[in-house]
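So for the sequence shown, the working numbering puts the first residue at 7; every next one is plus one. In what follows, a structure is listed as structure tokens, so that the remarks can point back to it.
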Amino acid sequence: MGHWDPQAPTAGPWQGAAPRARRRAALAAALPGEWLVVPSGRPQRRCNDLLYPFRPGSDFTWLVGDDEPGSVLVIDPSGAATLYRDERPALGDPLSLLDTHRGAFWDGQPTPSPDIAITLGLPVRPLSHLPEVLAAGARGRAIHGLAPDVDAAIAPGGGELSRTIAKMRLVKDEHELTLLRQTAADTVTAFEALAAALPAAVTSGEAHLEGVFLQHARTLGHGPAYNPVVGAGEHATVLHWMRNDGHVREDDLVLIDAGIEGRERYAADVTRTFPASGTFSPEQRAVYDLVFAAQETALALVRPGVTLRDLHTAAVKVIAAGLRRLGVLTDRVAGGLPDEQVVMRWMPHGIGHMLGIDVHDCLAVAAEPATMPLEAGHVITVEPGVYLSPYDTLVPAHLRGIGVRIEDDIVVTPSGHDNLTAALPRSSDAVERWLASLDMRSAA
């Protein structure tokens, strides 16, 4: 099997290595004197011998940043970190031809461990050495559910490692904020293309818009951060409409909820609601302006010390008053219940969530984020919506089938906040002017 001379690229330090080294040191200091084990995970089977594209576990991404399946980060009781990485069969090894999932002939030439160590700033050892390390660290803590060998070697410890990492991940460092800004900017670019594609979608439907977004997501990042929602007409009233197989009519509103997963796996999560014709009908504008007012009210409150519940309560009060004006929420409908409680019929979700490597970030500690005071460095979404189902007989007939959500990605700063997706128009007037300018550019 000789006569192979693969030319490996020259290794060099990676800009993501230094912040991850600081995170590993901080984690070791938070849980001193313990074995800490964080796997990257393994590819999942789609069917037969086909696998889904691999995405590393988010904690591993935050601490290491490597995308190789089967890798395991180990931090020993002294605080020293080592990456155990699969040494895939390289060209010249008979297994490079025989191993159809790991061999270089099938899956690409592996980067040598010394080069990976230089790039990641982290010692690298063969994955085959891991069992002896797991035996030594059997009383340690591990992230479970990603690697059967790790699960078998280290008993579950109540999730303390997951919670500790999640608490640390909540407050983004400067490297993370830079990545989130870039991913948000790239998602704005994708939404600009989506808006320009609305006329074509009237002919080819929701799937056309989904395709436009997916092209940009793959070109500008790893791909979509989640399955995009493209809901036209009554589909805009379905919160998680992901079939994206409906028609787009010229008089429809089109709700698009989509975000790119960036090159280091940081996510954006953005929603805009566009009139397919470029102009809101009076009824559509009334509902849209109500949602916009609710978002403006919530955004004005974002700063350290407030909670997502504070934002939600303020937005819901605006929506309740607006639905009263529109004749949707009446005394008969309320039946003596507080307006803010009845509004759940038309806005059943919260005002937002944490955002980071995961779209719904840090759920190990943010499962009840409503009462958690916001801090500088938190990144959240603010996303009020109103969904008036065509089948809801409590809604006046002329408003049925209108769904609107407006969602932006927000960094909490020491003095307030920064809207990462502010480049996308939000008010109804601004949206109409923007769509008209896109039409003029395409006509030119």
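We put the beta carbon where it would ideally sit given N, CA and C, even for glycine.
Residue from 260, 384, 84 and 94 with nearest C-alpha to residue 205
260
Candidates 277, 257 and 273, of which the one nearest residue 286 by Cα
257
Three-state secondary structure (DSSP) at residue 70?
coil
Take residue 339 and list the residues in its own chain whose beta-carbon comes closer than 7 Å to its own, dropping the five residues that flank it on each side.
348 and 400
According to DSSP, is residue 449 part of a helix, a strand, or is it coil?
Note on residue 449: pLDDT 41, under 50, position unreliable in the model; the coordinate value appears next. Residue state, collapsed to three classes: helix.
Below 8 Å on the Cβ atoms is my guess for residue 77 versus residue 46; work out the distance and round it to an integer in Å.
4 Å
Nearest-angstrom Cα separation, counted from residue 202 out to residue 450:
Below a pLDDT of 50, predicted positions are generally treated as unreliable, and residue 450, at 35, falls in that range; the measurement from the model is reported next regardless. One C-alpha to the other measures close to 13 Å.
Could you give the C-beta distance for residue 184 and residue 266, rounded to a whole number, given that I count them as a contact under 8 Å?
That belief does not hold up - the Cβ atoms of residue 184 and residue 266 are roughly 15 Å apart, past 8 Å.
Continuous alpha helix (DSSP H) assignments of at least 4 residues falling wholly in the region 179–228
180–202, 204–210 and 212–226
Alpha-carbon spacing of residue 7 relative to residue 116, whole angstroms
Bear in mind that a pLDDT of 49 at residue 7, under 50, signals an unreliable position, so the model cannot answer this.
Limits of the beta strand (DSSP E) - the one that residue 44 falls within
42–45
Drop a sphere of 10 angstroms on the beta-carbon of residue 55, count the other beta-carbons inside from all chains shown, and report buried for 16 or more, exposed for fewer.
exposed
Applying the 10 Å Cβ sphere with the 16-neighbour rule, what's the burial state of residue 148?
buried
For residue 134, count the other beta carbons within 10 Å of its own beta carbon; 16 or more makes it buried, fewer makes it exposed. Which is it?
exposed
Quick check on residue 290: buried or exposed, where buried means 16 or more other Cβ atoms within 10 Å of its Cβ?
buried
Got a sec: is the Cβ-Cβ distance from residue 170 to anything in chain C below 7 Å?
Among the chains of the structure shown, chain C does not appear; only one protein chain is present.
Distance check for residue 180 and residue 299, CA to CA, integer angstroms please.
31 Å
Roughly how many angstroms separate the alpha carbons of residue 229 and residue 222, rounded to a whole number?
8 Å
Does the contact criterion of 3 or more C-beta pairs under 8 Å hold for the region 157–169 versus the region 233–252?
no
For residue 196, which residues from the same chain have a beta carbon less than 6 Å from its beta carbon, with the 5 sequence-adjacent residues on both sides left out?
219 and 222
Can you name the residues that DSSP bridges to residue 413?
277
Can you say whether residue 446 is buried or exposed, counting buried as having 16 or more other CB atoms within 10 angstroms of its CB?
Interpretation of residue 446 is limited by its pLDDT of 47, a score under 50 that renders its predicted location unreliable; no figure is taken from the coordinates.
Three or more C-beta pairs closer than 8 Å, one from the region 389–396 and one from the region 410–418: is that the case here?
yes
Look up residue 132 in the DSSP assignment and give the residues it is bridged to.
91
Using DSSP bridges, identify the partner residues of residue 230.
266
Checking the sheet assignment: what are the DSSP bridge partners for residue 360?
386
Once DSSP output is grouped into helix, strand and coil, what is the label at residue 52?
strand
Smallest Cα separation from residue 150: which of 439, 210 and 79?
79
Should residue 435 be labelled buried (16 or more other beta-carbon atoms within 10 Å of its own) or exposed?
exposed
Best match in 34, 271, 26 and 242 for proximity to residue 232 [C-alpha to C-alpha]
271
Using 8 Å as the cut-off, can you tell me whether the region 421–434 makes contact with the region 305–316, which would need three or more C-beta pairs spanning the two stretches below that distance?
yes
Would you mind giving the Cβ-Cβ distance between residue 318 and residue 357, rounded to the nearest angstrom? I have them listed as a contact below 8 Å.
4 Å
Going along the chain, which residues of its own chain have a beta-carbon closer than 7 Å to the beta-carbon of residue 198, five neighbours each way excluded?
none
Using CA atoms only, rank isn't needed, just tell me which of 58, 314, 182 and 146 is closest to residue 167.
146
Does the Cβ-Cβ distance between residue 215 and residue 226 come in under 7 Å?
no
Let's see if you can read the secondary structure: which residues bound the beta strand (DSSP E) around residue 237?
235–238
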